[in-house]
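Numbering-wise (the UniProt record's numbering), the sequence shown opens with residue 1 and increments by one.
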Amino acid sequence: MNARIAVASPAGVRRYRSRLVVLGALPPVLLVLGALAVVIAWTPSLPAEVAQHWNAAGRADGYGPAWAPALVGAAVVLIVAAGAVASGWSPIDAARSRGARVLLASAWGVSGLLSILQLGTLAPQLGGGVDAVQTLPVGALIGGFVGGLLLAVIGWFAAPRGLEQVQAGADGDTVPAVSLAPGQRAVWAGSTHAPLWLIVALTAAVVGMLVFALAVAASGDATAFALLLPGVVLAAALSTLFWRVRIDSRGVLVRSFLGAPRYWIPLSELDDVKVLPVSPVGDFGGWGLRFGPRRTGVVLHTGPGLQFERTTGRALVVTIDDAERAAGVGRALLAQAQTAK
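Take a look at the structure:
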């Protein structure tokens, strides 16, 4: 097996992570929080409800409290920036860190767009009534998109590119097969799950949708059944955050908590088992069950993963602890099967 294990100096890791937070994530968060502070300071001089939405003709058709869009925008940017830091926390190489850089650039761009739009549309309404702004301030719209684009470019270059690393074990069997006597049986079984914060967030969303649907149903509204659909989708997604893996003489079984989806690879169709470092965003574009042209991923966290390579050329990647021992058992069973032929 030719596994590549990234190695970096502790000092390099500290510099990388400091730049990731201070130059990558902190500026867009401070920008939207600053815009929110300005909105709060302006509130006494603004109408109780300000124009917040304009129709296709550019006429105001939606009103609400001034602080609501600013608060939502700050929350969105904070979530995107936190996701970028989480996905890029491991000082992986430039190719794998590209996903984190995209998220950071997005946070910079969105923070600029929302902040300029928010302040640009509120400024003309200072000291006026609810009809102070009836037409969309085109300058704020253009400024928001131009400013957001420029900040996204700055964010891309401000984000760290990864570290210069030594690729250890590029040519050797870093995870040797375990020793098995002729006819001896071996089994490896393990489980993996998503980070606790993701499980809690998704569970809260499912419960929230259920409570909301029940409240609507209690009011006699027939739309309650339609509201259950997002809850069902979220519940299905929640079930894919827990997986079990089993490797034995028959093959490899990877299945979710509910038993479906499941992936079965007979030993006769297994070409190799490798260990590789996995970055959810950098390698697969996100967390969960992911699909690509040459491989499928059960990607639940950053760290070591098992790559089960099929004889067809496709691969199944699963992030899991104790990956090296699992790969050793898998390769031993493969060698045993080839010897028995």
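All C-beta atoms in this analysis are idealised placements derived from N, C-alpha and C, irrespective of residue type, glycine included.
Apart from the five residues just before and just after residue i, which ones in its own chain have a Cβ nearer than 6 Å to its Cβ?
i: Ala-95; result: Unreliable positioning characterises Ala-95 in this predicted model, as indicated by a pLDDT of 43, which lies under 50. The coordinate reading is nonetheless provided below. No residues qualify anywhere along the chain.
i: Leu-114; result: Gly-73
i: Gly-155; result: Leu-104, Ala-105, Trp-108
i: Gln-307; result: Lys-274, Leu-276, Ala-315, Val-317
i: Leu-31; result: Ser-111, Ser-115
i: Thr-311; result: Glu-269, Asp-271
i: Ser-191; result: Arg-244
i: Thr-296; result: Leu-316
Which residue wins for smallest C-alpha separation from residue i, given the options the options?
i: Gln-336; options: Leu-214, Leu-270, Ala-81, Ile-199; result: Leu-270
i: Ala-236; options: Ala-70, Ala-205, Ile-265; result: Ala-205
i: Ala-25; options: Leu-31, Ala-81, Val-77; result: Ala-81
i: Pro-47; options: Ser-111, Leu-122, Gly-285; result: Leu-122
i: Ala-60; options: Ser-45, Val-38, Val-138; result: Val-138
i: Val-245; options: Ala-189, Ala-158, Thr-319, Val-207; result: Ala-189
i: Asn-55; options: Pro-124, Leu-136, Val-110; result: Leu-136
i: Leu-186; options: Val-252, Ile-40, Pro-28, Phe-284; result: For the record, residue 186 in the displayed sequence is Ala; it is not Leu. When each option's Cα is compared against that of Ala-186, the closest is Val-252.
i: Val-77; options: Ala-152, Pro-44, Ala-215; result: Ala-152
i: Gly-288; options: Thr-319, Ile-142, Gly-313; result: Thr-319
i: Gly-148; options: Ser-111, Val-39, Ala-140; result: Ser-111
i: Pro-182; options: Arg-19, Thr-339, Tyr-16, Pro-44; result: Thr-339
i: Asp-248; options: Val-21, Leu-333, Leu-126; result: Leu-333
i: Trp-264; options: Glu-309, Phe-284, Gly-305, Gly-285; result: Glu-309
i: Gly-127; options: Ala-75, Phe-145, Ser-45, Pro-27; result: Ser-45
i: Gln-184; options: Ala-41, Val-102, Val-329; result: Val-329
i: Val-102; options: Asp-283, Arg-14, Pro-124; result: Asp-283
i: Ile-79; options: Gly-292, Ala-201, Leu-141; result: Ala-201
Who pairs with residue i in a beta bridge, going by DSSP?
i: Glu-309; result: Asp-272, Ala-315
i: Asp-248; result: Gly-251
i: Thr-135; result: Arg-59
i: Pro-277; result: Pro-304
i: Trp-54; result: Ala-60
i: Ser-256; result: Trp-243
Just reading off the beta strand (DSSP E) that residue i is part of, what are its end residues?
i: Pro-266; result: 262-266
i: Arg-295; result: 295-299
i: Phe-291; result: 288-291
In its own chain, which residues sit with a C-beta less than 7 Å from the C-beta of residue i, not counting the 5 before and 5 after it?
i: Gly-62; result: Gln-52, His-53
i: Pro-195; result: His-301
i: Ala-57; result: none
i: Thr-203; result: Leu-238
i: residue 349; result: Residue 349 lies beyond the stretch modelled for the chain, which goes from 1 to 341, so this question has no answer here.
i: Ala-158; result: Leu-23, Gly-24
i: Gly-143; result: Ile-116, Gly-120
i: Ala-35; result: Ala-70, Ser-115, Gln-118, Leu-119
i: Leu-33; result: Ala-74
Quick one: residues in its chain with C-beta nearer than 8 Å to the C-beta of residue i, no 5 flanking neighbours on either side, listed in chain order?
i: Glu-49; result: Tyr-63, Gly-64, Pro-65, Val-130
i: Ser-239; result: Ser-256, Phe-257, Leu-258
i: His-193; result: Ile-199, Leu-241, Phe-242, Trp-243, Leu-300
i: Arg-250; result: Pro-266, Leu-267
i: Val-39; result: Ala-66, Trp-67, Ala-70, Gln-118, Leu-119, Leu-122
i: Asp-321; result: Gly-190, Thr-192, Gly-303, Pro-304
i: Gly-208; result: none
Mind checking which residues open and close the alpha helix (DSSP H) that includes residue i?
i: Gly-34; result: 26-42
Report yes if the C-beta of residue i is less than 7 Å from at least one heavy atom of the ligand SAM; otherwise report no.
i: Pro-261; result: This structure lacks the ligand SAM, and indeed carries no ligand of any kind.
Taking only runs of the beta strand (DSSP E) that begin and end inside the region 176-221, which ones reach a length of at least 3 residues, in chain order?
188-193
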